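Colleague:
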Amino acid sequence: MILPRLIIADEHRPGKIMSGVLIANALRNMGYKLRLFLGNVDELSLRILQLTCAQPVTLLDPTLCDGRANLRWLFEQAASPDCLNLIITNLGGRWTADSPFRVNRECPLLAEWLECDVVPVIYSDTSSTLTARTLNEVLSVLRKNEKTAVHSVLFRSVLNDREYELVDREAGRQFTIMTIGSIPKYMERAAPTMSDLFFEKASHTVFPIKSASLQLWKMERQINWPVFSALANLNPNWTRQARLCEPITDGGKVNIAVIRHETLTLGGNGTEHLFRALGCNVIEVPLEGDILHNVPIHGVYIPHGITHKSISKFFSNIYIKTMLKRASGGNSFMLAEGGSAPILGEKIILSAEQSTGREGRGFGVLPYNSVFRSVTAGAPKKYAAFRKKTNPLLSGTQEWVWGYSSRNLSLESISPGDECWDTHESVEGNKVGADGWCKGRILASSMRMELWSAPASFRRWLEG
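Per my numbering, the very first residue in the sequence shown carries number 1270; after that it's consecutive.
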């Protein structure tokens, strides 16, 4: 099997757009067909990538997938042999100017498990000597594994052509590596807020990002663009990943309704790929509009997002409202995860900053209240969830599912102790809380669950 693939690993700077977004959009404008992946949990970058490149993005986090085989199976389902499969991830960074460079653990794991090239994107807004020191620290980590290939590097935030010549010469003198080019400092773009990436604000917000990408593409000899495709095809062969579980019985007759809306996109499309991998049909049901389907619906999936921005649309769409009420008895599969969980709960309470949304109640299917607060700083925390009591997903004490927290949402149980599972910092880590509510085959969680970490458990739940 042939799957051209390449990792673009961005040095992290708080408040800045990932340069991988500019590169991906430029390649798309050149006519390359892309499949896009994000290698770490970063909802803001995922949403910017969706809007800028106008296509879905798959979250491909090694920790959340809980193992090489799970991640490779997900990648194989989402990738395409006819496309340049581009994985954009966080390379890491420095805590302070004098501290050592810390490479995020996800980056070398992705390179090892996917067996593909990595292009580090290094900031060069200081002296060429300091930039070379950063590159040396990065290469010493990435090249520890013989299977990790790093043939090229790209520099960003370069002040001028003279500075680029100096850093290019220094890199060539010290390392066996090719410099692809540079992104000028004036093309740096500040990261927007999440609220600016939805509804009428979205197109205005991403316009400066798209224009910077277009300008970068049109600049003569700024970046050697054909190298990206060449690196992706250096080792395109892909050994098929053995299935971790078989498709469900009569899967082709199982129709899962996936509610579609721009506010329900923050978790990527990985769960939809798992439905298809297990043999189910994905029926897309738009939250807005009057599209009706003449096929029977056997389950409902409400993806993670910011539903406090669209809660009223669930109540005004008669088709979806009827579908949710029919499924609320508990005999049919239904999942609401992360930011969509308030839909199935009781009260919905918004903070003062979010008071423009709909306040009031969810559908009252499960016994919890939802509280939205201002977004906390930092990346969402990743958790492993273990069974606390009987629930449709985790039936054994040795089963778990990975996920990450919703940064501005908490679910508060009406009757303490009703939660389905305990959350832990890791599989062997300390307990940090409780989460998950269920009724029959219905499940809701404040976590955005990575169901690829527990495909066999998910298959059992789906099949009923």
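All C-beta atoms in this analysis are idealised placements derived from N, C-alpha and C, irrespective of residue type, glycine included.
This structure is a prediction, so every number in the text was calculated from the model and none was measured.
State the Cα-Cα distance for the pair K1590 and D1394, rounded to the nearest angstrom.
Modeller: Position 321 of the sequence shown, counted from the start, is the residue given in the question as residue 1590. Position 125 of the sequence shown, counted from the start, is the residue given in the question as residue 1394. C-alpha separation (whole angstroms): 53 Å.
Colleague: Who are the Cβ neighbours of R1337 in its own chain at under 7 Å, not counting the five residues just before and after it?
Modeller: On the sequence shown, position 68 is the one that residue 1337 refers to. Taken in chain order, the residues that qualify are W1382.
Colleague: Label I1683 either buried or exposed according to how many other C-beta atoms from any shown protein chain fall within 10 Å of its C-beta, with 16 as the threshold for buried.
Modeller: Counting from one through the sequence shown, the residue named residue 1683 turns up at place 414. With fewer than 16 other Cβ atoms within 10 Å, it is exposed.
Colleague: Which residue comes first and which comes last in the beta strand (DSSP E) that contains N1699?
Modeller: As a first step, residue 1699 is located in the sequence shown; it is residue number 430 there, counting from the start. Secondary structure note for N1699: it is in no beta strand (DSSP E), with a DSSP letter that is neither H nor E.
Colleague: Is the Cβ-Cβ distance between N1354 and L1272 less than 8 Å?
Modeller: Walking along the sequence shown from the start, residue 1354 turns up at place 85. Walking along the sequence shown from the start, residue 1272 turns up at place 3. It is a contact, given that the beta carbons lie within the stated cut-off.
Colleague: Give the range of the alpha helix (DSSP H) segment to which L1333 is assigned.
Modeller: Looking up residue 1333 in the sequence shown gives position 64. P1331 to C1334 is the extent of the alpha helix (DSSP H) around L1333.
Colleague: If you run the structure through DSSP and keep just helix, strand and coil, what is Y1433?
Modeller: Along the sequence shown, one-based indexing puts residue 1433 at 164. Y1433: helix per DSSP, three-state reduction.
Colleague: Quick one: what's K1708 bridged to in DSSP?
Modeller: Position 439 of the sequence shown holds residue 1708. Residue pairing by DSSP puts K1708 in a beta bridge opposite I1711.
Colleague: Keeping to the same chain, check which residues put their C-beta closer than 7 Å to that of I1286; ignore five residues upstream and five downstream.
Modeller: Here residue 1286 refers to the residue found at position 17 of the sequence shown. I1317, R1458, A1460 and I1478.
Colleague: Quick check on DSSP: helix, strand or coil for H1573?
Modeller: One-based indexing of the sequence shown puts residue 1573 at position 304. Residue state, collapsed to three classes: coil.
Colleague: Of the residues L1604, E1732 and S1695, which one's Cα is nearest the Cα of G1705?
Modeller: Here the question's residue 1705 lines up with position 436 in the sequence shown. G1705 has its Cα closest to that of L1604, out of L1604, E1732 and S1695.
Colleague: What's the C-alpha gap between I1292 and Q1324?
Modeller: Mapped onto the sequence shown, residue 1292 falls at position 23. Mapped onto the sequence shown, residue 1324 falls at position 55. Going by the C-alpha atoms only, they are around 15 Å apart.
Colleague: For the candidate residues P1636, K1578 and L1303, whose alpha-carbon lies nearest to that of S1734?
Modeller: As shown, the chain starts at 1270 and ends at 1733. That puts residue 1734 outside it, with no answer to give.
Colleague: Using alpha carbons as the reference points, say which of C1352, D1691, N1638 and G1536 lies closest to R1656.
Modeller: Taking the first residue of the sequence shown as position 1, residue 1656 is located at position 387. Comparing Cα positions, the closest option is D1691.
Colleague: Within 10 Å of its beta-carbon, does H1473 have 16 or more other beta-carbons around it, so buried, or fewer, so exposed?
Modeller: The residue labelled residue 1473 in the question sits at position 204 within the sequence shown. Per the 10 Å Cβ criterion, exposed.
Colleague: Is the stretch 1513 to 1533 touching the stretch 1577 to 1593 in the sense that three or more CB pairs, one from each, lie closer than 8 Å?
Modeller: The stretch 1577 to 1593 is in contact with the stretch 1513 to 1533.
Colleague: Beta-carbon within less than 6 Å of C1376's beta-carbon, same chain only, minus the 5 sequence neighbours each way: which residues are those?
Modeller: Position 107 of the sequence shown, counted from the first residue, corresponds to residue 1376. Closer than 6 Å at Cβ, skipping near neighbours: A1278, T1358 and L1360.
Colleague: Given that a residue counts as buried once 16 or more other Cβ atoms are within 10 Å of its Cβ, and exposed if not, what is Q1443?
Modeller: Stepping through the sequence shown from its first residue, residue 1443 is reached at position 174. Counting other Cβ atoms within 10 Å of its Cβ, Q1443 stays below 16 and is therefore classed as exposed.
Colleague: Since E1553 is in the beta strand (DSSP E), which residue starts that stretch and which ends it?
Modeller: If you number the sequence shown from 1, residue 1553 lands on position 284. First-last of the beta strand (DSSP E) with E1553: N1550 to P1555.
Colleague: From which residue to which residue does the beta strand (DSSP E) around T1358 run?
Modeller: The residue you call residue 1358 lines up with position 89 of the sequence shown. Per DSSP, T1358 belongs to the beta strand (DSSP E) from L1353 to G1362.
Colleague: Applying the criterion that 16 or more other CB atoms from any shown protein chain within 10 Å of the CB defines a buried residue, is H1530 buried or exposed?
Modeller: Translated into the one-based positions of the sequence shown, residue 1530 becomes position 261. H1530 comes out buried.
Colleague: Near G1284, which residues of its chain fall below 8 Å by C-beta distance, leaving aside the five closest residues on each side in sequence?
Modeller: Start at 1 with the first residue of the sequence shown, and residue 1284 comes out as number 15. Cβ neighbours of G1284 beyond the five flanking positions: A1459 and A1460.
Colleague: Assign K1285 to one of three DSSP states: helix, strand, or coil.
Modeller: For the purposes of this step, residue 1285 is identified with residue 16 of the sequence shown, where counting begins at 1. Correct three-state label for K1285: strand.
Colleague: Looking at the structure shown, is W1486 part of a helix, part of a strand, or coil, going by DSSP?
Modeller: Locating residue 1486 in the sequence shown gives position 217, where the first residue counts as 1. W1486 falls in the helix class under three-state DSSP.
Colleague: Which of helix, strand or coil does DSSP assign to N1506?
Modeller: What you label residue 1506 is simply residue 237 of the sequence shown in a count that begins at 1. Residue state, collapsed to three classes: strand.
Colleague: Distance check for E1553 and R1717, CA to CA, integer angstroms please.
Modeller: Against the sequence shown, residue 1717 aligns to sequence position 448. Against the sequence shown, residue 1553 aligns to sequence position 284. Looking at the two C-alpha atoms, the distance is approximately 20 Å.
Colleague: Using three-state DSSP, classify F1444 as helix, strand or coil.
Modeller: Counting from one through the sequence shown, the residue named residue 1444 turns up at place 175. If DSSP states are grouped into helix, strand and coil, F1444 belongs with coil.
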